[in-house]
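One structure is given here, and the rest of the page talks about it.
Residue numbers (the numbering used here): 6 to 170.
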């Protein structure tokens with residue numbers, strides 16, 4: 006699930022396929038995705054963006070004034086998320102979380118990289134990374150630290166609050 010450079014039909018695919026830096030990011034993202042794809046099959050959460058939905062959202066960068074910068078931010082975020090999924094065993098801090106609407110039952114880990122991975126039991130629920138996106142790109146799941154608390158926000162969904170344990 007990456008840019009179609011054999012027959013690019015979307016403006017963002019045309020840009021990615023014609024730009025060496027973006028094409029390299031696309032290849033890196035494809036490898037990262039394939040490495041964790043089996044772990045993503047069981048994800049049933051509105052807080053985790055499936056690869057086809059991310060590709061669709063990345064394509065919306067074509068409508069931004071800074072098309073290439075938006076696409077670069079999209080890849081930076083996605084790579085951080087996929088790498089966080091691959092490195093969840095390296096997490097250093099544990100959190101207990103109240104899910105949407107205050108329901109308990111989520112746990113989170115925070116890696117030294119700053120990535121946050123949320124779990125509902127053994128199942129991946131969400132990943133949040135700290136990036137500085139270019140104009141036109143919005144993170145799917147954002148995270149703010151407030152002392153010993155983490156607050157994860159998703160565009161259009163209730164926030165999730167986690168406390169360090």
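Glycine included, C-beta positions come from ideal geometry on N, C-alpha and C.
In the structure shown, residue 59 falls within a helical segment according to DSSP collapsed to helix, strand and coil. Apart from sequence neighbours up to five positions away, no residue of its chain approaches residue 68 with a beta-carbon distance below 7 Å. Here residue 147 is bridged, per DSSP, to 158. For residue 44, the enclosing alpha helix (DSSP H) begins and ends at 25-45. Bridge partners of residue 132 according to DSSP: 122. Annotated three-state conformation of residue 10 is coil, per DSSP. Under DSSP, the beta-bridge partners assigned to residue 111 are 102, 125.
With a cut-off of 8 Å on Cβ pairs, the segment 69-78 is not in contact with the segment 44-53, counting fewer than three such pairs.
Residue pairing by DSSP places residue 17 opposite no residue, since no beta bridge is assigned to it. Taken through DSSP and simplified to helix, strand or coil, residue 85 comes out as helix.
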